[in-house]
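Visitor: Take a look at the following structure, please.
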Amino acid sequence: MNKTRCRLEVRWTSLSPEEGRLEFELFNLAQTPLVNFRLSYTSLTRIEDASKYENATLLRRSANLHELVPPGGEAIAPGQSWRFRVGGLTRPARHRTDGVSTAYLTLADGSHHDIALGPFLPNDRAATFTPQLVPEGKLQHPVSILPWPKMFSATDFAAPPVALFAAENSEGDDIAAMSEVAELAARLFPAEAQPFSLSVVTGGLPVRFEEDSSLEKEGYRLNFSRNKIVLASADRAGSLYGLITLA
Numbered sequence: 045m046n047k048t049r050c051r052l053e054v055r056w057t058s059l060s061p062e063e064g065r066l067e068f069e070l071f072n073l074a075q076t077p078l079v080n081f082r083l084s085y086t087s088l089t090r091i092e093d094a095s096k097y098e099n100a101t102l103l104r105r106s107a108n109l110h111e112l113v114p115p116g117g118e119a120i121a122p123g124q125s126w127r128f129r130v131g132g133l134t135r136p137a138r139h140r141t142d143g144v145s146t147a148y149l150t151l152a153d154g155s156h157h158d159i160a161l162g163p164f165l166p167n168d169r170a171a172t173f174t175p176q177l178v179p180e181g182k183l184q185h186p187v188s189i190l191p192w193p194k195m196f197s198a199t200d201f202a203a204p205p206v207a208l209f210a211a212e213n214s215e216g217d218d219i220a221a222m223s224e225v226a227e228l229a230a231r232l233f234p235a236e237a238q239p240f241s242l243s244v245v246t247g248g249l250p251v252r253f254e255e256d257s258s259l260e261k262e263g264y265r266l267n268f269s270r271n272k273i274v275l276a277s278a279d280r281a282g283s284l285y286g287l288i289t290l291a
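Quick note on numbering: the sequence shown equals residues 45 to 291 in our numbering.
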């Protein structure tokens, strides 16, 4: 699609908690008049009543796509703009994404031209920014765990082992869970080294599975030492989540 030196800006004006209108302004930033054109835009906030267009004529609407023209086919001179309003909408606009998502012009020769879009802002009040949704954190340990555990402590860090493997006398369900997480890791990170081995590996570290009923449902605890890792869990789900953390 060709690029044109036009810009479309859209504002929202509330008329009631459940009703409002979109106010458009199309700027012609080119050096020549904009004539014989059709404006098309897509928006989640759709027109329901075509008679609610002010200073514009709706040609068609297909789902979120709206196509319209200035009344009487008026031209937009260089440096000037065309303003129009749209009421009779299917829903109120409450979010920044409820404005126009895409827009383009269709000229008399049938060619389509992309339009730059301005921010979607309210007319009747100052726009607000998204508040901080996550508390500010401070990096204290060079580890990444999601979700972050209730308790974490470390006194030292060692080089990572070649792989982790199930300790001797591990139950079949624990070995199967280790295999399941290994397959998941291989799908998500195909270029990375496998985190687990089902058999003993030189340079690896054994994982010993323990059951601890004092832990919460789906909870787990990991204890690291130089020669092994102990994964304690309240149930199979907790054991699986612990293995995912290790991977």
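All C-beta atoms, glycine included, are put in the ideal place defined by N, C-alpha and C.
In the structure shown, what three-state DSSP assignment does Ile288 receive?
Guide: Start at 1 with the first residue of the sequence shown, and residue 288 comes out as number 244. Three-state result, Ile288: helix.
Visitor: Out of Ala211, Trp192 and Gly64, which one is the CA nearest neighbour of Arg129?
Guide: Sequence index remark: in the sequence shown, residue 129 carries index 85 (1-based). If we check each option's Cα against that of Arg129, Gly64 comes out closest.
Visitor: Applying the 10 Å Cβ sphere with the 16-neighbour rule, what's the burial state of Leu70?
Guide: What you label residue 70 is simply residue 26 of the sequence shown in a count that begins at 1. The residue in question, Leu70, is buried, as its Cβ has 16 or more Cβ neighbours within 10 Å.
Visitor: Which residue's Cα is closest to the Cα of Thr89: Lys272, Ile189, Pro239 and Trp56?
Guide: Counting from 1 along the sequence shown, the entry for residue 89 is found at position 45. For the residues Lys272, Ile189, Pro239 and Trp56, the minimum Cα distance to Thr89 belongs to Trp56.
Visitor: So, do the region 198-210 and the region 243-254 have three or more beta carbon pairs nearer to each other than 8 Å?
Guide: yes
Visitor: Taking the C-alpha atoms as reference points, what is the distance between Pro115 and Leu102?
Guide: Sequence index remark: in the sequence shown, residue 115 carries index 71 (1-based). Sequence index remark: in the sequence shown, residue 102 carries index 58 (1-based). Note on geometry: alpha-carbon atoms of Pro115 and Leu102 lie some 10 Å from one another.
Visitor: For a minimum of 3 consecutive residues, which ranges assigned as the beta strand (DSSP E) are wholly contained in the region 215-263?
Guide: 249-255
Visitor: Determine the DSSP secondary structure at Gly64, reduced to helix, strand or coil.
Guide: Looking up residue 64 in the sequence shown gives position 20. Looking at Gly64 - three-state DSSP - the assignment turns out to be strand.
Visitor: Going by C-alpha to C-alpha distance, which of Thr146, Leu151 and Leu165 sits closest to Ile159?
Guide: One-based indexing of the sequence shown puts residue 159 at position 115. For Ile159, the nearest C-alpha among the options comes from Thr146.
Visitor: So Arg51 and Gly162 are in contact, right, with Cβ under 8 Å, and what is the actual spacing, rounded?
Guide: For the purposes of this step, residue 51 is taken as the residue at position 7 of the sequence shown. For the purposes of this step, residue 162 is taken as the residue at position 118 of the sequence shown. Between Gly162 and Arg51 the Cβ distance is about 6 Å, and since that is below 8 Å, they are a contact.
Visitor: Where in the region 93-165 do unbroken runs of the alpha helix (DSSP H), each at least 4 residues long, occur, reported from the N-terminal end onward?
Guide: Segments of the alpha helix (DSSP H) lying fully in the region 93-165: there are none.
Visitor: Please state whether DSSP places Ala281 in a helix, a strand or coil.
Guide: Looking up residue 281 in the sequence shown gives position 237. DSSP places Ala281 in helix when its eight states are reduced to three.
Visitor: Could you give the residue range of the beta strand (DSSP E) that holds Ser84?
Guide: The residue you call residue 84 lines up with position 40 of the sequence shown. It spans Arg82 to Ser87 - the beta strand (DSSP E) in which Ser84 sits, taken as one unbroken run.
Visitor: Any idea if Glu53 is buried or exposed, counting beta-carbon neighbours within 10 angstroms, 16 or more meaning buried?
Guide: Working through the sequence shown from its first residue, we reach residue 53 at position 9. It is buried - the Cβ of Glu53 has at least 16 other Cβ atoms within 10 Å.
Visitor: Sorted by chain position, which residues of the same chain lie with C-beta nearer than 6 Å to Asn267's C-beta, five sequence neighbours on each side aside?
Guide: The count along the sequence shown starts at 1 and reaches residue 267 at position 223. Val274.
Visitor: In the structure shown, what three-state DSSP assignment does Val274 receive?
Guide: As a first step, residue 274 must be located in the sequence shown, where it is residue number 230. DSSP places Val274 in strand when its eight states are reduced to three.
Visitor: Tell me whether Ala202 sits in a helix, a strand or coil according to DSSP, three-state version.
Guide: As a first step, residue 202 is located in the sequence shown; it is residue number 158 there, counting from the start. Ala202 falls in the coil class under three-state DSSP.
Visitor: Could you say which of Ala137, Ser87, Arg104 and Leu287 lies nearest to Ala220 if we only look at CA atoms?
Guide: Looking up residue 220 in the sequence shown gives position 176. Of the candidates Ala137, Ser87, Arg104 and Leu287, the residue whose Cα lies closest to the Cα of Ala220 is Leu287.
Visitor: Helix, strand or coil for Ser58, going by three-state DSSP, please let me know.
Guide: Taking the sequence shown and counting its residues from 1, one reaches residue 58 at position 14. When DSSP states are grouped into helix, strand and coil, Ser58 belongs to the strand group.
Visitor: Secondary structure at Leu190, three-state DSSP: helix, strand or coil?
Guide: Mapped onto the sequence shown, residue 190 falls at position 146. Here Leu190 sits in coil by DSSP.
Visitor: Count Cβ pairs between the region 256-263 and the region 220-240 that sit closer than 8 Å; are there 3 or more?
Guide: no
Visitor: Beta strand (DSSP E) containing Leu208: first to last residue?
Guide: The residue given as residue 208 occupies position 164 in the sequence shown. Leu208 to Ala210 is the extent of the beta strand (DSSP E) around Leu208.
Visitor: Where does Phe71 sit, in a helix, a strand or coil, going by DSSP?
Guide: Working through the sequence shown from its first residue, we reach residue 71 at position 27. The answer is strand: DSSP assigns Phe71 an E or B state.
Visitor: Here's the rule I'm using: 16 or more other beta-carbon atoms within 10 Å means buried, otherwise exposed. How should Thr246 be labelled?
Guide: Here residue 246 refers to the residue found at position 202 of the sequence shown. So Thr246 ends up on the exposed side.
Visitor: Which of helix, strand or coil does DSSP assign to Phe268?
Guide: Mapped onto the sequence shown, residue 268 falls at position 224. In this structure, Phe268 counts as strand in the three-state DSSP scheme.
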